[in-house]
Amino acid sequence: MRRFVLPLALGFLCVPTLSQAQPVVPTPAPTISPETTQQMADRILKETSKLRQLSIKRSVPTNVQNRAQIEKFMASQIQDKAKVSEIAAANLYLRQLGLAPKNFDLKTAYARLLGEQVAGYYSSKTGQFTTASSVNPLELETVMSHELTHALQDQHFGLKKLENAPRHESDTSLAFSALVEGDATYTMARYSTSSPLRAFGILASSLSTLMGGGSEMVELKQSPKILQSMLGFPYLSGLTFATSLYNRGGWASISKAYSRPPQSTQQILHFDKYLANKAPVKLPVPDVTKVLGSGWKLIDHDVNGEYGLSLVLGEYVDATQANDAVTAWAGDRYAVYGGPKGAILVVQDTLWDNAAGATAWSTMYGQRNKARFGTRAKKRQEGALTVWNASPDGVWIKQSGRRVVVVEGTVGAFDIKKIMKVLHS
Numbered sequence: 000m001r002r003f004v005l006p007l008a009l010g011f012l013c014v015p016t017l018s019q020a021q022p023v024v025p026t027p028a029p030t031i032s033p034e035t036t037q038q039m040a041d042r043i044l045k046e047t048s049k050l051r052q053l054s055i056k057r058s059v060p061t062n063v064q065n066r067a068q069i070e071k072f073m074a075s076q077i078q079d080k081a082k083v084s085e086i087a088a089a090n091l092y093l094r095q096l097g098l099a100p101k102n103f104d105l106k107t108a109y110a111r112l113l114g115e116q117v118a119g120y121y122s123s124k125t126g127q128f129t130t131a132s133s134v135n136p137l138e139l140e141t142v143m144s145h146e147l148t149h150a151l152q153d154q155h156f157g158l159k160k161l162e163n164a165p166r167h168e169s170d171t172s173l174a175f176s177a178l179v180e181g182d183a184t185y186t187m188a189r190y191s192t193s194s195p196l197r198a199f200g201i202l203a204s205s206l207s208t209l210m211g212g213g214s215e216m217v218e219l220k221q222s223p224k225i226l227q228s229m230l231g232f233p234y235l236s237g238l239t240f241a242t243s244l245y246n247r248g249g250w251a252s253i254s255k256a257y258s259r260p261p262q263s264t265q266q267i268l269h270f271d272k273y274l275a276n277k278a279p280v281k282l283p284v285p286d287v288t289k290v291l292g293s294g295w296k297l298i299d300h301d302v303n304g305e306y307g308l309s310l311v312l313g314e315y316v317d318a319t320q321a322n323d324a325v326t327a328w329a330g331d332r333y334a335v336y337g338g339p340k341g342a343i344l345v346v347q348d349t350l351w352d353n354a355a356g357a358t359a360w361s362t363m364y365g366q367r368n369k370a371r372f373g374t375r376a377k378k379r380q381e382g383a384l385t386v387w388n389a390s391p392d393g394v395w396i397k398q399s400g401r402r403v404v405v406v407e408g409t410v411g412a413f414d415i416k417k418i419m420k421v422l423h424s
């Protein structure tokens with residue numbers, strides 16, 4: 000499964016943790032027996048092991064669950080206190096920045112979305128592979144090759160580090176997830192095209208989707224765009240990253256990456272920055288608790304990373320412009336605060352490679368505000384502070400050289416001058 004990587008960063012929500020769940024939407028088809036499933040898994044594990052050049056250290060037991068069981072399992076993974084806090088902060092972040100409706104419930108949507116999308120998952124805790132009972136047999140081979148690659152990864156490199164990743168470092172967790180999923184997706188692609196029958200299965204599945212077989216994707220279609228993008232990132236961008244590794248040195252190059260995994264989504268998006276080992280700058284928590292007054296509390300903090308920040312912009316501006324505006328990312332951290340009467344405060348502290356990069360970010364954020372609020376927002380300049388008042392929502396932006404602080408929150412619920420003074424002291 001994956002792990003809640005919140006940075007909304009997506010730094011954000013990143014995705015779950017058990018191990019990695021492959022989001023494939025199956026076409027309704029007759030189910031196969033548990034015995035047949037195990038036999039298939041044993042065969043495909045051997046073939047995948049040979050292809051991926053990772054030996055089998057132990058067998059992988061299989062399990063079959065229906066959609067309700069999978070959704071229940073996914074929901075159980077986000078019940079502990081830490082994850083509840085992360086989800087609550089992510090929910091407020093999404094709402095306050097206009098990335099989701101004001102009544103959006105991330106916790107419920109998260110479990111339902113993964114329950115709908117997951118065709119199979121491998122658990123590093125149990126060493127077991129579970130498949131959805133509704134998966135089309137033509138697709139099951141590719142699902143297994145993907146998930147059993149995770150089993151081989153786990154046996155050789157250990158995937159528990161993904162599940163036990165440090166809190167408040169979601170961008171790093173998402174980057175590692177992209178390595179793991181990209182590796183498995185690349186292996187799956189090579190496996191799937193290794194025989195005419197498997198290639199036919201892929202074609203049949205694709206045609207079914209084009210003809211309406213993907214109509215089951217109700218939760219995905221109804222989810223905020225940023226969540227859809229986050230769910231796809233480890234697979235799509237991860238595939239590009241894994242392909243670059245393979246082209247550089249074959250399977251050995253991919254395996255070697257586990258000893259020096261990518262540290263940020265920036266390294267996933269820009270392979271040259273991974274090769275150069277460009278590490279993100281660790282920023283402190285933007286703590287403004289002492290000037291907020293009674294009734295306020297810090298709910299959570301995390302890192303968005305280059306990819307997460309591009310999605311924040313891309314919700315309201317052209318995607319290419321959004322991507323270009325964050326390529327000079329050097330580091331960031333955001334904090335979400337809850338206050339009296341439902342007041343919300345989000346502080347986003349960002350650092351850029353140079354002042355030009357900081358200006359690109361702050362300028363594009365202004366364009367985001369303009370597109371988001373339209374004529375409802377009143378913009379004014381107070382020295383170095385740019386203010387957007389779209390009551391009840393407000394946005395405050397201040398650039399100081401390579402650094403940009405963006406504050407979003409409930410107008411009139413806090414003293415922005417005191418907050419900026421603390422942040423720039």
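Quick note on numbering: numbering that gives the first Met the number 0 labels position 375 of the sequence shown as 374, and the sequence is numbered without any gaps. Using N, Cα and C, we set each Cβ at its ideal position, and we do this for glycine too.
By the C-beta density criterion, GLU381 is exposed, having fewer than 16 other C-beta atoms within 10 angstroms. Put simply, of TRP351, LYS224, ALA275 and TRP395 the residue whose alpha carbon is nearest the alpha carbon of LEU105 is LYS224. For VAL394, the three-state secondary structure derived from DSSP is strand. Residue environment analysis places GLY356 among the buried positions, since at least 16 neighbouring C-beta atoms fall within 10 angstroms of its C-beta. For PHE413, no beta strand (DSSP E) encloses it, and the DSSP letter there is neither H nor E. For the 8 angstroms CB-CB criterion, LEU91 and ILE415 do not form a contact. Here ASP41 carries a helix assignment [DSSP, helix/strand/coil]. Per DSSP, the continuous beta strand (DSSP E) segment holding ARG332 begins and ends at 328-337. Taking each of GLY365, THR374 and VAL346 in turn and checking the Cα distance to LEU422, the smallest one comes out for VAL346. TYR245 is a Cβ neighbour of TYR185, given a cutoff of 8 angstroms. Taking C-beta atoms as the reference points, VAL394 and ASP348 fail to come closer than 8 angstroms. Close CB contacts of PRO339 within its chain, under the 7 angstroms cut and outside five residues either way in sequence, are with GLY294 (chain order).
Rounded to the nearest angstrom, the gap between the Cα atoms of PRO260 and GLN116 is 27 angstroms. The beta carbon of PRO60 sits closer than 6 angstroms to the beta carbons of GLN127 from its chain, once the five residues preceding and following it are set aside; these are given in chain order.
GLU381 has LEU384 as its beta-bridge partners, per DSSP. Taking C-beta separations shorter than 7 angstroms and ignoring five residues to either side along the sequence, the partners of GLY313 in its chain run ALA321, following chain order. Between THR374 and TYR306, the C-beta gap is not smaller than 8 angstroms, which leaves the two residues out of contact.
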